[in-house]
Amino acid sequence: MTLSQFQAFIKDKKVALLGAGVSNLPLISWLKGFGASVTVRDKNEKLVLPSGVTADKLVLGENYLENITEDILFRSPGMRFDEKGIADAVARGAFLTSEIEMLFELCPCRIIAVTGSDGKTTTTTLISEMLKRAGKRVWLGGNIGTPLCHKAFEMEKDDTVVLELSSFQLHTMRKSPDIAVVTNIAPNHLDKHKDYNEYIEAKKNVFLYQNAGGKLIANADNSVTAPFSSEAKGSFIPFCYSGSCRDGVWLDENGVIFFKDEPVLNRADIILPGDHNVENYMAAIAAVYGEVGKEVICGTASSFGGVRHRIEFVKEVEGVRYYNDSIGTSPSRSTAGLKSFDQKIILIAGGYDKHLDYTDLGKIIANKVKLLIVTGDTAKKIEDAARAALPSLPVIYCKDFDSTVSVAHQNAVSGDVVMLSPASASFDRFKNFEERGDHFVSLVKAL
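When the letters of the sequence shown are read in order and numbered with our numbering, they come out as residues 108 to 554.
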């Protein structure tokens, strides 16, 4: 959709932003600038818009989705499209979209999008870093925390948009990016999705609407994503840590990452810890190889220190190293974090319950953890899973989050590693995992 087409589409329309979150807030002034009347509907009855931002109307409180009369609805990620108030409005003829879906309509340049249960933020950032290092103009956004729709008319055709996309953003997508990357899929967000199958189907929208010119990159070692090759509309490039997919990006027995038969990167040159970060690099290489040179890939590997809240080194106190892995919002994410260390560690876990199964994580904890400190809504679930695997495992329950750090400090000795990796969401106590991680960091730095 061109600028003039969008102007004609939006002018004099009544628009409702359903939820005043990160993705929707920049749209208020932007849409009003095109002549739309903007209503903000949000559950928070005490909502105050940022300074300088004014909506034409506010509908706040528990009933914010009732009697929606606006013409165009921008759904927030995490808000189900079939929620009654929204479904009723669509049945009356309202047009339902979202910030990210509108970006796909307006974007004049190539889009690379990454989704998956684990590793998508790091992989997205790596792709962006490699392209920028090669001299490309890159717009990085999506679920990574930066909405881009309101920047669409600043983009040029030779730019590249690199997006991290969640299952919530993909749920109603009917367009796919030029290059789609799926890092892996494991059970997650089952508190929002009807079941695991719906979660998988939402993820698949990242590539289902590609054409013959599209490219799909997926994890050949993951039992869910490996079969996506048969559904790819364009080219398919697998990546695999196991070394089994030699028609894609793979790791040999000497620790060298190959693109087909060409050696690209030695894993020893990657400064990020953990096998999962080797997989993230393989996914990123599959997305950019041929467009950026080996020297760019190797330079990124030897200099990129990682994304905050992802096994982020915080501080060493009396010989004890503390790590913030607040991004560990699911068992599979925390499993990857635990596998990054060769020694047994002290783990702080627990938080908001997304109704996930902790059985497999319990087995990993039994092998990788010397002391388990649990807190939050999922504390008992995680403790029970760990104790089922190793009844003798030392476990300490903390009623409040702050005391977890002091308890870890009291029980750690020089040479130990303490890591926050909750295997749970943050919403029982915090706004998001970033806020939880920042708070953990402040507690550690105060030791």
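No residue lacks a Cβ here, since even glycine has one placed at the ideal position from N, Cα and C.
Predicted, not measured: the structure shown is a model, and the values here were computed from it.
Practice prompt. Could you please give the first and the last residue of the uninterrupted alpha helix (DSSP H) stretch that includes Asp467?
Written response: Its alpha helix (DSSP H) spans residues 466-475.
Worksheet item: Can you tell me the Cα-Cα spacing of Tyr593 and Val385, whole angstroms?
Response: Absent from the structure is residue 593, since the part of the chain shown begins at 108 and ends at 554.
Worksheet item: So who's on the other strand from Thr109, going by DSSP bridges?
Response: In the DSSP output, where bridge partners are listed per residue, Thr109 has none listed.
Worksheet entry | Distance between Phe275 and Glu160 (C-alpha atoms, nearest Å) | The displayed chain sequence assigns Val, not Glu, to residue 160. In a straight line, the C-alpha of Val160 is about 26 Å away from that of Phe275.
Practice prompt. Can you give me the start and stop residues for the alpha helix (DSSP H) that Leu165 sits inside?
Written response: That residue, Leu165, is in no alpha helix (DSSP H); its beta strand (DSSP E) goes 164-167.
Worksheet item: Rounded to a whole number of angstroms, what is the C-alpha to C-alpha distance between Pro215 and Ala115?
Response: The alpha-carbon atoms of Pro215 and Ala115 are separated by roughly 18 Å.
Fill in: Alpha carbon of Met526 to alpha carbon of Leu138, nearest angstrom
If I take the Cα positions, the gap works out to 43 Å.
Worksheet entry | Stretch pair the region 217-227 + the region 165-185: three plus CB contacts closer than 8 Å | Contact between the region 217-227 and the region 165-185 is absent, because fewer than three Cβ pairs lie under 8 Å.
Discussion item. On the DSSP letters alone, give me the boundaries of the beta strand (DSSP E) that Met262 sits inside.
Written reply: Neither: Met262 is in no beta strand (DSSP E) and is coded neither H nor E.
Worksheet entry | Cβ shell of Gly406 (< 8 Å), same chain only, five flanking positions each side left out | So the list reads Arg240, once near-sequence residues are dropped.
Worksheet item: Three or more C-beta pairs closer than 8 Å, one from the region 331-339 and one from the region 311-322: is that the case here?
Response: Cβ pair count under 8 Å is three or more, so yes.
Worksheet item: Looking at the structure shown, is Met389 part of a helix, part of a strand, or coil, going by DSSP?
Response: Helix at Met389.
Discussion item. Assuming Glu208 and Thr146 are in contact, meaning their beta carbons sit under 8 Å apart, how far apart are those beta carbons, in whole angstroms?
Written reply: Between Thr146 and Glu208 the Cβ distance is about 19 Å, and since that is not below 8 Å, they are no contact.
Discussion item. Measuring straight from C-alpha to C-alpha, what distance separates Pro501 and Ser409?
Written reply: Their backbone Cα atoms lie some 38 Å apart in a straight line.
Practice prompt. Answer yes if the region 389-400 comes into contact with the region 422-432, meaning at least three C-beta pairs across the two stretches below 8 Å, and no otherwise.
Written response: Flag = no, the region 422-432 and the region 389-400 do not touch.
Practice prompt. Express the C-alpha separation of Ser531 and Leu478 in angstroms, rounding to a whole number.
Written response: Here the alpha carbon of Leu478 sits roughly 18 Å from the alpha carbon of Ser531.
Item to complete: In the DSSP assignment, find the beta strand (DSSP E) that holds Ala123 and state where it starts and stops.
Response: Counted as a single uninterrupted DSSP element, the beta strand (DSSP E) harbouring Ala123 occupies residues 121-125.
Worksheet entry | Spatial neighbours of Ser136 in its chain, beta-carbon cut-off 7 Å, leaving aside the 5 residues before and after | These residues qualify, in order along the chain: Val160.
Worksheet item: For Gly400 versus Ile378, is the C-beta distance shorter than 8 Å?
Response: In this structure, Ile378 does not lie closer than 8 Å to Gly400 by Cβ.
Practice prompt. Decide yes or no for the touch test of the region 357-365 against the region 291-302: beta carbon pairs closer than 8 Å, at least 3 of them.
Written response: Put simply, the region 357-365 does not touch the region 291-302. Fewer than three CB pairs are less than 8 Å apart.
Practice prompt. Kindly indicate the opening and closing residues of the beta strand (DSSP E) around Cys347.
Written response: Element bounds for Cys347: 342-347.
Worksheet item: Can you round the beta-carbon distance between Val509 and Gly458 to whole angstroms, since I take them to be within the 8 Å contact cut?
Response: Here residue 509 is Asp; the residue named in the question, Val, does not match the sequence. Contact flag wrong, Cβ pair sits at about 14 Å.
Practice prompt. Tell me whether Gly242 is buried or exposed, calling it buried when 16 or more other Cβ atoms sit within 10 Å of its Cβ.
Written response: With fewer than 16 Cβ atoms within 10 Å of its Cβ, Gly242 is classed as exposed.
Discussion item. Below 8 Å on the Cβ atoms is my contact criterion, and I expect Asn431 with Phe547 to pass it. Report the Cβ-Cβ distance as a whole number of Å.
Written reply: Rounded, the Cβ-Cβ distance is 5 Å, consistent with contact.
Worksheet item: Is Thr267 closer than 8 Å to Asn326 when the C-beta atoms are compared?
Response: Inclusion of Asn326 and Thr267 in the CB contact set at 8 Å is not warranted, their separation being larger than that value.
Practice prompt. Leaving out five residues on either side along the sequence, give the residues of the same chain with a beta carbon under 6 Å from the beta carbon of Lys488.
Written response: Tyr465.
Practice prompt. Determine the contact status of Pro57 and Ser433, defining contact as a CB-CB distance below 8 Å.
Written response: There is simply no residue 57 to check, as the chain begins at 108 and stops at 554 in what is shown.
Item to complete: Give the range of the alpha helix (DSSP H) segment to which Ile193 is assigned.
Response: Residues 191-198.
Item to complete: Can you check the region 473-549 for any beta strand (DSSP E) of at least 3 residues that lies completely inside it and give the ranges in chain order?
Response: Counting only runs of 3 or more, we get 476-481, 502-504, 524-527.
Discussion item. Classify His416: buried if its beta carbon has 16 or more other beta carbons within 10 angstroms, exposed otherwise.
Written reply: So His416 counts as buried.
Discussion item. Bridge partners for Val427 per DSSP, in chain order?
Written reply: Per DSSP, Val424.
Worksheet item: Would you call Leu270 buried or exposed, if buried means 16 or more other Cβ atoms sit within 10 Å of its Cβ?
Response: By the 10 Å Cβ count, Leu270 comes out buried.
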